[in-house]
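**Q**
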Amino acid sequence: MARYLFSKFFYMLVSIFVLATVTFLLMKAIPGDPFMSEKAVPPEVQAKLMAQYGLDKPVMEQYGIYLNNIIHGNFGVSMKMQNQEVSKVVAESFKYSLRLGLVSIVVSVIIGVGLGMIAALKHRKLMDNVAMVLAVIGISVPSFVLASFMQYLLGVKWMVLPVAGLDGPLTYIMPVLAMSALSIAFIARLTRSSMLEVLSADYIKTARAKGLKNISILFKHVIRNGIIPVVTYLGPLTANVLTGSIVIEQIFGISGLGKIFVYVITNRDYPMIMGITLFYGIILMVARFLTDLSYGLIDPRIKLNAGKEG
Numbered sequence: 001m002a003r004y005l006f007s008k009f010f011y012m013l014v015s016i017f018v019l020a021t022v023t024f025l026l027m028k029a030i031p032g033d034p035f036m037s038e039k040a041v042p043p044e045v046q047a048k049l050m051a052q053y054g055l056d057k058p059v060m061e062q063y064g065i066y067l068n069n070i071i072h073g074n075f076g077v078s079m080k081m082q083n084q085e086v087s088k089v090v091a092e093s094f095k096y097s098l099r100l101g102l103v104s105i106v107v108s109v110i111i112g113v114g115l116g117m118i119a120a121l122k123h124r125k126l127m128d129n130v131a132m133v134l135a136v137i138g139i140s141v142p143s144f145v146l147a148s149f150m151q152y153l154l155g156v157k158w159m160v161l162p163v164a165g166l167d168g169p170l171t172y173i174m175p176v177l178a179m180s181a182l183s184i185a186f187i188a189r190l191t192r193s194s195m196l197e198v199l200s201a202d203y204i205k206t207a208r209a210k211g212l213k214n215i216s217i218l219f220k221h222v223i224r225n226g227i228i229p230v231v232t233y234l235g236p237l238t239a240n241v242l243t244g245s246i247v248i249e250q251i252f253g254i255s256g257l258g259k260i261f262v263y264v265i266t267n268r269d270y271p272m273i274m275g276i277t278l279f280y281g282i283i284l285m286v287a288r289f290l291t292d293l294s295y296g297l298i299d300p301r302i303k304l305n306a307g308k309e310g
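Taken in order, the sequence shown gives residues 1 to 310; the numbers are from the UniProt record's numbering.
(1) Where Ile204 and Leu121 are concerned, what is the direct C-alpha to C-alpha distance, given to the nearest angstrom?
(2) Consult DSSP for Val86 and reduce its assignment to one of helix, strand or coil.
(3) Give me the Cα-Cα distance between Arg189 and Leu100, rounded to the nearest whole angstrom.
(4) Can at least three beta-carbon pairs, one atom from the region 227 to 242 and one from the region 148 to 167, be found at a separation below 8 angstroms?
(5) Gly307 by DSSP, collapsed to three states: which one?
(6) Could you pull out every unbroken alpha helix (DSSP H) segment of at least 4 residues lying fully inside the region 181 to 225, listed in chain order?
(7) Can you name the start and end residues of the alpha helix (DSSP H) that Ala164 belongs to?
(8) Check for me: the alpha helix (DSSP H) holding Val45 runs from which residue to which?
(9) So, does the region 23 to 34 touch the region 268 to 276, judging by three or more C-beta pairs under 8 angstroms?
(10) Which of helix, strand or coil does DSSP assign to Ile130?
(11) What is the residue span of the alpha helix (DSSP H) that Lys259 lies within?
(12) Quick check on this structure: which residue in Pro31, Asn74, Val41 and Ser245 has the alpha carbon closest to the alpha carbon of Phe94?
(13) Determine the extent of the alpha helix (DSSP H) in which Ile251 is found, giving its start and end residues.
(14) Taking only three categories from DSSP, how would you classify Val77?
(15) Do Ser108 and Ser193 have their beta-carbon atoms positioned less than 7 angstroms apart in this structure?
(16) Can Phe9 be considered in contact with the ligand GDP, in the sense that its beta carbon sits closer than 6 angstroms to one or more heavy atoms?
(17) Can you have a look at Leu170 and say buried or exposed, based on whether 16 or more other CB atoms are within 10 angstroms of its CB?
(18) Would you give the residue range spanned by the alpha helix (DSSP H) that Tyr152 belongs to?
(19) Counting along the chain, where does the alpha helix (DSSP H) carrying Met27 start and finish?
(20) If you follow the alpha helix (DSSP H) that Val141 is part of, which residue opens it and which one closes it?
(21) Counting beta carbon pairs with one atom in the region 125 to 135 and one in the region 254 to 269, are three or more of them shorter than 8 angstroms?
(22) If you count every other CB in all the chains shown that lies within 10 Å of the CB of Glu309, and 16 or more means buried, which is it?
(23) Where does the unbroken alpha helix (DSSP H) through Gly32 begin, and where does it stop?
(24) CA-CA distance, Arg288 and Phe186?
(25) Within the same chain, show all residues whose beta-carbon is closer than 7 angstroms to that of Met12, passing over the 5 residues directly before and after it, in chain order.
(26) In the DSSP assignment, the alpha helix (DSSP H) including Ile254 goes from what residue to what residue?
(27) Determine the burial state of Ala135: buried for a count of at least 16 other Cβ atoms within 10 Å of its Cβ, exposed for fewer.
(28) Within a Cβ cutoff of 7 angstroms, which residues of the same chain sit near Phe144, ignoring the five residues on either side of it in sequence?
Here it is in structure tokens:
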């Protein structure tokens with residue numbers, strides 16, 4: 001087990017290094033510099049700004065300074081946001097993205113697993129067909145289309161929900177539904193397929209033959225084994241929520257990390273772009289790492305295999 005954990009941790013470190021390197025090189029490959037604008041900037045002012053942020057140094061020297069700063073937890077200061085520290089901007093804006101993301105993940109899992117269970121237990125009946133039709137719609141409609149439609153219908157035409165912001169329970173409804181629709185649909189289909197497979201297994205038939213009640217079979221055997229594929233999807237689900245929040249935060253005017261990310265990209269704020277990209281990458285890697293560890297809590301066979309490898 002110790003070897004397994006060490007290999008995962010080592011993989012995370014290598015991935016972070018690769019991500020940091022690729023992000024840095026991509027920033028340097030973009031033509032121009034952060035201080036280009038429609039208004040002419042005097043050459044002496046531009047040279048002073050370039051020197052202030054170390055952009056006048058050779059690329060490899062900049063790269064070395066960049067890696068050294070990352071190792072020491074220094075992500076620099078923003079070039080476009082009044083010299084604010086990157087770490088402080090990320091921490092301030094991420095709290096909105098985190099709240100929105102956590103609610104979206106919880107909603108996705110609860111509704112998705114619920115729909116999938118109903119569809120599996122009512123296989124080839126009306127509820128199964130309804131659940132699968134909803135799943136197809138959720139997969140087919142892009143989140144930004146659903147968000148815009150809900151804004152117009154619920155916010156503008158019917159005026160039952162606020163169209164922007166994230167400062168009250170009602171403001172969560174539309175952005176959470178827009179972010180969760182795809183994940184709900186995917187989890188519902190995944191749960192249905194997995195539970196149908198479990199329901200047809202020999203040990204379920206044996207349990208029924210022994211006279212166990214359906215409710216006991218459902219909670220002790222079917223659900224526990226049926227949601228293992230859902231757990232494997234939690235890593236990609238976190239990725240979907242983080243990347244989806246970039247668009248959703250723009251549409252609903254939420255001052256989260258996604259909205260900040262769009263702003264700094266359009267303004268070529270190098271330290272902010274590299275800092276946010278690295279932060280997103282670390283979050284995704286940690287989510288995947290925790291997902292791998294959670295397998296053993298659900299399926300003891302996975303824990304046993306990991307223990308043998310360690």
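Where a beta carbon is used, it is the ideal one built from N, C-alpha and C, also for glycine.
**A** Let's see:
(1) 14 angstroms
(2) helix
(3) Rounded to whole angstroms, the separation of the alpha carbons of Leu100 and Arg189 is 24 angstroms.
(4) no
(5) The predicted model places Gly307 with a pLDDT of 47, which falls under 50 and marks its position as unreliable; any figure quoted below should be read in that light. Helix, per DSSP.
(6) 202 to 209 and 214 to 217
(7) First-last for Ala164: undefined, no H or E at that position.
(8) Pro43 to Gln52
(9) yes
(10) The identity of residue 130 in the sequence shown is Val, whereas the question assumes Ile. Note: Val130 maps to helix in three-state DSSP.
(11) Leu257 to Thr266
(12) Ser245
(13) Leu234 to Ile251
(14) Taken through DSSP and simplified to helix, strand or coil, Val77 comes out as strand.
(15) no
(16) This structure lacks the ligand GDP, and indeed carries no ligand of any kind.
(17) exposed
(18) That residue, Tyr152, is in no alpha helix (DSSP H); it is neither H nor E in DSSP.
(19) Ala2 to Ala29
(20) Looking at the DSSP string, Val141 is not in any alpha helix (DSSP H), and its letter there is neither H nor E.
(21) no
(22) The predicted model places Glu309 with a pLDDT of 46, which falls under 50 and marks its position as unreliable; any figure quoted below should be read in that light. With fewer than 16 Cβ atoms within 10 Å of its Cβ, Glu309 is classed as exposed.
(23) Where Gly32 is concerned, there is no enclosing alpha helix (DSSP H), given that its DSSP letter is neither H nor E.
(24) 18 angstroms
(25) Met285 and Phe289
(26) No alpha helix (DSSP H) holds Ile254; DSSP gives it neither H nor E.
(27) Classification of Ala135: buried, given that the 10 Å Cβ count is 16 or more.
(28) Val247 and Ile251
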